[in-house]
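The next block holds one structure in the form of structure tokens; read it before the comments.
Residue numbers (our numbering): 896 to 1068.
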């Protein structure tokens, strides 16, 4: 190394005589740090498109879901959602099991709210199960020669609308 901590190589070394190739065996991950929040976002090179894409870190997303749920716990301390994954089911032992079907670990013996709208933890689980069901249903429909169309309808609403009345109207429609 020289005075600038730069590696100095002799041009006649064996390593410099071998071809470099066009792809690294382990592509590096690049990080972006948001100066306002300190959030670290990692990017990697997509092997197909050769473009940088955000590196998906399941543990980070899980941490974020529980952080969001902590806010719900503070805002709605007596709600079913605040007790979700925090309170034990009476007369049941707490265990950690692993699903053979989904290859995921999970707790048993904890209360769950099963609210896809209010709980970020349950919403992720329910959405993933529904996604898997939808993929399977689409595959069956296509294998039967059917064409599949998905439709999303949005109901105009505002801050002053009565949510209970609006939901009742949607259910009647």
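Think of the CB as a built atom: it goes at the ideal place given N, C-alpha and C, for glycine as much as any other residue.
Given the structure is predicted, the values throughout are model-derived calculations rather than measurements.
- DSSP places residue 925 in the strand class (E or B) of the three-state scheme.
- Taking each of 985, 932 and 974 in turn and checking the Cα distance to residue 1009, the smallest one comes out for 974.
- When only Cα atoms are considered, residue 935 and residue 1021 end up about 28 angstroms apart.
- For residue 957, the enclosing alpha helix (DSSP H) begins and ends at 953 to 970.
- Approximately 5 angstroms separates the beta-carbon atoms of residue 1014 and residue 976; this is inside 8 angstroms, confirming the contact.
- Nearest in C-alpha terms to residue 988, of all of 963, 1011, 955 and 1002, is 1002.
- Counted as a single uninterrupted DSSP element, the beta strand (DSSP E) harbouring residue 936 occupies residues 935 to 940.
- Taken in chain order, the whole alpha helix (DSSP H) runs of length 4 or more contained in the region 971 to 1006 are 975 to 978.
- If you draw a 10 Å sphere on the C-beta of residue 1050, you find fewer than 16 other C-beta atoms in it, and that means exposed.
- Residue 948 has 939 as its beta-bridge partners, per DSSP.
- Secondary structure of residue 1068 (DSSP, three-state): coil.
- DSSP places residue 1016 in the helix class (H, G or I) of the three-state scheme.
- Secondary structure of residue 1010 (DSSP, three-state): coil.
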